[in-house]
Amino acid sequence: MPNYNDYSTWIRNRFAYRVQKISVNGGFTCPNRDGKLSRGGCTFCDNRSFNPSYCQQTSSIRQQLTEGKAFFARKYPTMKYLAYFQAYSNTYAPLDVLKARYEEALSVDDVVGIVIGTRPDCIDTPLLDYLEQLNRQTFLIMEYGIESTHDATLQRINRGHDFACSQRAVEATHARGILVGAHVIIGLPGEDKTMLQEEALTLSSLPIDLLKIHQLQLLQGTRLAQEYARQPFPLYHVDEYIHLLGEYLPYLRKDIVIERFVSQSPANLLIAPRWKMKNHEFVHRLDSYLQTHGIYQGSIFE
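Residue numbers (my numbering): 157 to 458.
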């Protein structure tokens with residue numbers, strides 16, 4: 157067993173069968189791109205870095221899921237699926253549009269739940285009313301891009317909201333009985349080890365069920381890459397990043413499910429850091445480090 161509350165064990169205990177997420181592009185945009193807040197987006201962001209080839213806005217949601225199922229079913233023919241609305245802000249549309257797209261996904265055979273990735277400033281009471289009802293009918297996770305708990309960092313990366321906004325969204329969603337996921341980036345410019353430990357404690361004070369963590373990656377064409385070219389800031393080598401995770405995990409509440417530690421952007425988009433390491437290789441290296449040094453999630457928090 158790993159020294160943290162890992163997602164694979166958690167999801168196996170939730171379902172009696174193997175479950176795989178399939179990314180879906182619902183055709184949404186983002187208030188940080190369409191001019192409501194900004195047209196530049198977050199300085200680190202390029203959605204091409206995490207959209208699989210079948211996940212194209214030109215395809216219907218049903219077609220995307222059907223193609224995604226075909227990709228996985230070759231190896232696991234009895235697998236079931238979660239429709240993962242991942243690209244951009246997947247609650248940023250009129251409620252009738254959101255209902256139609258979520259329910260189209262749930263109507264596909266073998267889709268047993270839905271994961272909705274969005275910004276914390278893109279929810280409201282009518283949406284939460286609907287999601288509370290949906291949660292009674294199917295498996296549902298709301299996943300919020302928090303990125304950092306520090307307002308100075310959020311301002312620097314042009315996030316368009318403060319941490320208090322994230323806190324309100326998490327608490328309001330949890331109050332409806334819905335599972336809450338959060339996403340943060342380690343290595344954002346200006347953040348040091350002490351700030352990251354403070355972040356872990358702050359996240360632990362919120363009713364978060366799942367947490368995605370990944371390293372900062374510089375991507376071609378982003379404003380953060382341009383900033384780095386003008387004035388470089390630290391980017392972590394793999395062992396430095398693992399050491400930071402070893403400093404971070406003890407401050408996280410033990411029951412928070414860690415969904416991932418690392419992300420891998422396409423080579424044609426990635427500037428740095430280039431670790432040349434598969435995700436499973438990274439996890440093995442992290443697990444060995446944590447076990448060797450006796451580091452456990454939640455040991456300091458408790």
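We put the beta carbon where it would ideally sit given N, CA and C, even for glycine. Since this is a predicted model, take the numbers as computed values, not measurements.
Extent of the continuous beta strand (DSSP E) run through residue i
i, result
"residue 298", "295–303"
"residue 101", "Any property of residue 101 remains undetermined from this structure, which presents the chain solely from 157 to 458."
"residue 338", "335–342"
"residue 347", "Careful: residue 347 lies outside any beta strand (DSSP E) and carries neither H nor E."
"residue 386", "Counting along the chain, residue 386 falls outside any beta strand (DSSP E), though it belongs to the alpha helix (DSSP H) covering 379–386."
"residue 416", "413–416"
Under the three-state DSSP convention, the category residue i falls into
i, result
"residue 442", "helix"
"residue 289", "helix"
"residue 455", "coil"
"residue 215", "coil"
"residue 232", "coil"
"residue 428", "strand"
"residue 176", "strand"
"residue 167", "helix"
"residue 423", "coil"
"residue 389", "coil"
"residue 190", "coil"
"residue 366", "strand"
"residue 261", "helix"
"residue 200", "coil"
"residue 162", "strand"
"residue 241", "strand"
"residue 249", "coil"
"residue 360", "helix"
"residue 185", "coil"
Distance between beta carbons of residue j and residue i, contact taken as under 8 angstroms
i, j, result
"residue 334", "residue 288", "7 angstroms"
"residue 453", "residue 401", "At roughly 10 angstroms, the Cβ-Cβ gap does not stay under 8 angstroms, so residue 453 and residue 401 are not in contact."
"residue 248", "residue 178", "About 21 angstroms; that fails the 8 angstroms criterion."
"residue 357", "residue 457", "7 angstroms"
"residue 297", "residue 340", "Between residue 340 and residue 297 the Cβ distance is about 16 angstroms, and since that is not below 8 angstroms, they are no contact."
"residue 468", "residue 180", "Absent from the model: residue 468. The displayed extent of the chain is 157 to 458, so no value can be given."
"residue 199", "residue 314", "5 angstroms"
N-terminal and C-terminal residue of the alpha helix (DSSP H) that residue i is part of
i, result
"residue 373", "Element bounds for residue 373: n/a, residue is neither H nor E."
"residue 398", "394–404"
"residue 330", "319–331"
"residue 311", "307–312"
Point to revise | At least three beta-carbon pairs within less than 8 angstroms, the segment 218–226 to the segment 272–283 | key: no
Practice item. Please determine if the segment 443–454 and the segment 182–198 are in contact, where contact requires at least 3 C-beta pairs separated by less than 8 angstroms. Key: no
Review point. With contact counted as at least three CB pairs below 8 angstroms, one residue from each stretch, are the segment 306–324 and the segment 246–263 in contact?
Key: no
Check your understanding: Is the segment 368–375 touching the segment 313–331 in the sense that three or more CB pairs, one from each, lie closer than 8 angstroms?
Key -> no
Review point. Is the segment 355–366 touching the segment 384–395, taking contact as three or more C-beta pairs under 8 angstroms?
Key: no
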